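Residue numbers (the working numbering), protein chains in the order written: chain Z, 10 to 358; chain D, 10 to 358; chain A, 10 to 358.
We put the beta carbon where it would ideally sit given N, CA and C, even for glycine.
Computed from a prediction, not measured in an experiment: that's the story for all the values here.
Here's the structure, in structure tokens; my notes come after.
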Amino acid sequence: MPFTVAQLAELVAGVAEGHASTLITGANTIENAGEGEVAFAAGRKALDAAAVSRASCVLVPLAFDGQLTAAIIRVSEPRVAFAKLLETIYPRKRLAGGIHPSAVIAATARLGSGCSVGPHVCIGENTQIADGCQIGPGCVLGDDVALGSLSILHSHVTIYDRVRIGARAIVHSGAVIGADGFGFTLAGDHYEKFPQVGAVEIGDDVEIGANCCIDRAALGVTRIGDGTKLDNLVHVAHNCSLGRHVVVAAQTGFSGSVTVGDYAVIGGQAGIGEKAKIEAKAIVGGKAGVLTSQTVHAGEPVWGIPARPLRGHLKGLAYVQKLPELNVLVREIRQRVVELESRREQSPG
Amino acid sequence: MPFTVAQLAELVAGVAEGHASTLITGANTIENAGEGEVAFAAGRKALDAAAVSRASCVLVPLAFDGQLTAAIIRVSEPRVAFAKLLETIYPRKRLAGGIHPSAVIAATARLGSGCSVGPHVCIGENTQIADGCQIGPGCVLGDDVALGSLSILHSHVTIYDRVRIGARAIVHSGAVIGADGFGFTLAGDHYEKFPQVGAVEIGDDVEIGANCCIDRAALGVTRIGDGTKLDNLVHVAHNCSLGRHVVVAAQTGFSGSVTVGDYAVIGGQAGIGEKAKIEAKAIVGGKAGVLTSQTVHAGEPVWGIPARPLRGHLKGLAYVQKLPELNVLVREIRQRVVELESRREQSPG
Amino acid sequence: MPFTVAQLAELVAGVAEGHASTLITGANTIENAGEGEVAFAAGRKALDAAAVSRASCVLVPLAFDGQLTAAIIRVSEPRVAFAKLLETIYPRKRLAGGIHPSAVIAATARLGSGCSVGPHVCIGENTQIADGCQIGPGCVLGDDVALGSLSILHSHVTIYDRVRIGARAIVHSGAVIGADGFGFTLAGDHYEKFPQVGAVEIGDDVEIGANCCIDRAALGVTRIGDGTKLDNLVHVAHNCSLGRHVVVAAQTGFSGSVTVGDYAVIGGQAGIGEKAKIEAKAIVGGKAGVLTSQTVHAGEPVWGIPARPLRGHLKGLAYVQKLPELNVLVREIRQRVVELESRREQSPG
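See the structure below:
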């Protein structure tokens, strides 16, 4: 249902100016917004774009001193306010409550109130689902799983036995949590499997992208802390311990027993070697390769394969780029030395 | 059912020579083909292999002037003709028509004629499936999805709400289309999710590999153009726009808001940074890392991390390889300079 | 149920010392083990940790000469013995036998004795499942599939038509085996699909990680040999041939027609180019990029992009690190040459 500019301003505790009764039915970027849409503009570039935008309403900073034909709403943080409006304009779909009759739920499993369980779901023995969870079609939860309140599993999520996930988790389709860690010992002419009997514990407010794989520990626990966010296709091996509020971009892989400190940021396609230690607030660049047992220091940005401090890596890249020049210089110096030598020989000294 | 050499020749508008009534029951490579099998040979190496092949029939270029014991079929493009024969000899399996009784289909969903819907499928509200589509076992389609005619979803494909896919698409198992883009804002001590309310639009004749992830836009649309082909485990982030007839090898990842021009070719395990622009017909090498906001120019081949024009990158690699040599040379020059200096001091000048 | 130290010692043919009647209910690492838990200690560091461990029982080498308050069990290989105990203490869960009524099984499929088939499984025509297999919830097996005895498919595994898997296989959730290889030919202004009509053959004792993708051959067969182990999210393209007892870490990708020899070890996120040949016992480092048609020689460790022998690659890295130094040296030499030249000019010679 549409909202007036005045209603939206109230929602974000902002100040509306002009056309307060204009109806807003959608939201878009400042470049693409059209009639009936709200957008936001925070930086200089976006504010320039706002001047020519066809948006019907624009969220702007408090200090905005330009003129727009659109209605404006002044707020202290336009982007944050805009995110809030999005939740109102596009409310997150809630699955119909109740348990679909095709779901197969063990007699010993316990579901809280207000849960929704989609078609073709399986839930194992002694599994505990807290209040208000949504389990999408085709999800498979093993035995002794715990899922905190208000968590959302999109379709086709697989949770193996003895995995614990906190409250308000969002797990996207195809993610696999709790599969066996990759542990084998060469025993003569073949590999023997080292039994993977540990567990996985995931905190509150964690989001896990589509087709991610988070392995159970060999012994003990693979941990992911509160508020941590994984993009798609991320691999977390056995016995890793990711801290709180860590952000991991897509296709990154953590080898066994890696530890990651709180608020670290890991770029896409990075690879972290076994037992490496990424300290708090460190930043690992995209495609970086952190070596086995390497430590990335707190707050430090690193890049490259092997990963080293960003500044040093960039300097190294610059030197490599200048190698042709250096090569010419060396050959020129040699020529001058040859000439000096030949004159020396000819000289009477 | 088997075909005679004469029948196959007719199918590809080729000219059969020798043994036109030989029965062909399968197809294989020229190296591995045996009795009853057809193969093709186009290049010099393959034509040499044809001379010793056990194939019963070989597709050869019009100008072929050798002698084979096998029957031959002369055609202008042996590989293309062979692909056509494969479709005849191994007709693509069509699922039995009809809707499996275990499928759960919303009352407001619309299915065209001749569709087949496998067991344990879910189809959401207002979803439109055009004529002749095949939906494999366990697929989950959300609300307001559109799927063009003759499209094939293999088993376990997940399509979130409001994703549109064109005609004749092939989507392999485990692919997830329309999951939330990875958008979070650090708000004090934790990350807040930026709602992902956009959509995905995929053109006609697109093929998407197994376990690929294509995220919905934050706002607006993530687009994949007509005829584009993605290999397995490819990640396409929110708001990307891939053009028409783009080819992307396995495990490559596109960060948010990347644009890729028509006919670009992207190697495997490449990583494309946010807002990068790959222009038409550009070629990104395997494992290359295109930086945030970097432009790869039309038709240009690039490689390396960071990606730069192929020739320059190869030259840089060559210089790095020669560093030990350069090092020796520099030390030798220094020694000669030291000698010159010492003679200079001893000289009467 | 708990075991006494004496019982555990018997299981591993070890010699128990002290507290033989202590009850053991779990297993853990030597660092984390507590009361009632067994651990193992093999190397010097672990034996030091054993001295302060709270474990109730420790497996130690035969020659161990220290003193522990815990009971000890002397064995020749503590790690191997410990793995064996894990299987006893944490017996692998077996699904309840029988076929869940929601499974959809073709009339022509054949299941051996003692198989368990979970809810919402689909099994196609002429598929043969040998004795004692466990098929997890939501698995989809196509037509003409063969699965050897005692194999385990975890939930959501997809097996396309005509895939053969040997005995005692373990396939983790979300793996897709037999999807079409990535084969397209540019035909004028668009790509045409080269039909992928080959098969996949997987040996005995193979383990395949979560969300792996193993494509069928275009023609012929994609092969994975006995005892080979793949970690999560590995991509194996059409017509690859992996040997026996190969170990492949997570997120690695093999392009088309790669061959890998027996006992090769491939690190994580490695990329192997088309038709490359990794010989027996070769070791490919994490993130390495093996070029198209490159050969990695038997037993050779390689690293880097492009991959080259490890020692040479490390040497090259070291030289790159020293480039700033080399640069300073060259500029210093030039200065000295300039001085020599200027003296030369001033000299009477």
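Taking a C-beta distance under 8 Å as the contact criterion, Glu216 of chain Z and Lys238 of chain Z qualify as a contact pair.
At a cut-off of 8 Å between beta carbons, Glu96 of chain A contacts chain Z. In the three-state DSSP reduction, Ile342 of chain A falls in the helix class (H, G or I). Along the stretch 246-266 of chain A, going in chain order, the ones with a CB nearer than 8 Å to a CB of chain Z are His254, Val256, Ala258, Ala259 and Gln260. Counting only unbroken stretches of 4 or more residues, the alpha helix (DSSP H) elements lying wholly within the stretch 46-123 of chain D are 53-61 and 87-98, in sequence order. Not one beta carbon of chain Z lies nearer than 8 Å to the beta carbon of Ile233 of chain A. The beta carbons of Val21 of chain Z and Ala90 of chain Z sit about 4 Å from each other, so the pair counts as a contact at 8 Å. Contact residues of the stretch 117-139 of chain Z toward chain A are His129 and Cys131 (C-beta to C-beta distance below 8 Å). DSSP, reduced to helix, strand and coil, places Pro11 of chain A outside both helices and strands of the structure shown, so it counts as coil. CA-to-CA, the gap between Ala79 of chain A and Tyr99 of chain A works out to about 21 Å.
Pairing Ala72 of chain A with Ser62 of chain A gives a Cβ-Cβ distance that is not under 8 Å.
Under the 8 Å criterion on CB atoms, Ala188 of chain D is classed as interfacial with respect to chain Z. Lys324 of chain A sits in a helix when the DSSP states are folded into three classes. Of all residues in the stretch 82-110 of chain D, those with a C-beta nearer than 8 Å to a C-beta of chain A are Arg88, Val89, Ala92, Leu95, Glu96, Ile98, Tyr99, Arg101, Lys102 and His109, reading in chain order. Residue environment: Ser351 of chain D is assigned as exposed (fewer than 16 neighbouring CB atoms within 10 Å of its CB, all protein chains considered). Contact annotation: Thr167 of chain Z and Asp152 of chain Z have beta-carbon atoms that are not nearer than 8 Å. Restricted to the stretch 187-239 of chain D, the beta strand (DSSP E) segments that are unbroken, complete and at least 3 residues in length are 193-196, 199-202, 208-211, 222-224 and 230-233, listed in chain order. Of all residues in the stretch 332-356 of chain D, only Leu332, Pro333, Asn336, Val339, Ile342, Arg343, Val346, Leu349, Glu350 and Arg353 place a beta-carbon less than 7 Å from a beta-carbon of chain A.
Non-local C-beta neighbours of Gly236 of chain A in its own chain, meaning closer than 6 Å and more than five positions away in sequence, comprise Asp214, Arg253 and His254, ordered along the chain. Per DSSP, Glu288 of chain D lies in no beta strand (DSSP E) segment and is marked neither H nor E. Each of Z:Leu156, Z:Ser158, Z:Leu150 and Z:Leu162 was checked against the Cα of Asp170 of chain Z, and the nearest Cα belongs to Z:Leu150. The beta carbon of Leu319 of chain A does not come within 8 Å of any beta carbon belonging to chain Z, so the residue lies off that interface. Distance from the CA of Pro204 of chain D to the CA of Gln205 of chain A, rounded to the nearest whole angstrom, comes to 40 Å. Taking a cut-off of 8 Å on C-beta distances, the stretch 278-297 of chain Z does not touch the stretch 217-224 of chain D, as fewer than three cross pairs fall below it. For Arg173 of chain Z, the enclosing beta strand (DSSP E) begins and ends at Val172 to Ile174. DSSP links Ser250 of chain Z through a beta bridge to Z:Arg232 and Z:Thr268. For Thr194 of chain A, the nearest beta carbon of chain D is closer than 8 Å to its own beta carbon. Residues of chain A whose Cβ lies closer than 9 Å to the Cβ of Gln330 of chain D are, in chain order, Arg317, Gly321 and Gly325. Taking the beta carbon of Phe203 of chain Z as reference, the chain A residues within 7 Å of it are Ala92, listed in sequence order. Less than 8 Å divides the Cβ of Gly207 of chain D from the Cβ of Gly229 of chain D.
The C-alpha of Ser250 of chain Z lies about 20 Å from the C-alpha of Pro310 of chain Z.
According to the DSSP assignment, Pro146 of chain D belongs to no beta strand (DSSP E), since it is labelled neither H nor E. Leu323 of chain A and Thr261 of chain A have their C-alpha atoms spaced approximately 21 Å apart. Using a 10 angstroms sphere on the CB of Val24 of chain D, the tally of other CB atoms stays under 16, which defines it as exposed. Secondary structure note for Glu26 of chain D: its beta strand (DSSP E) is the uninterrupted segment Val24 to Glu26. Proximity of chain D to Asp240 of chain Z at the Cβ level (cut-off 7 Å) is accounted for by Phe191, in chain order.
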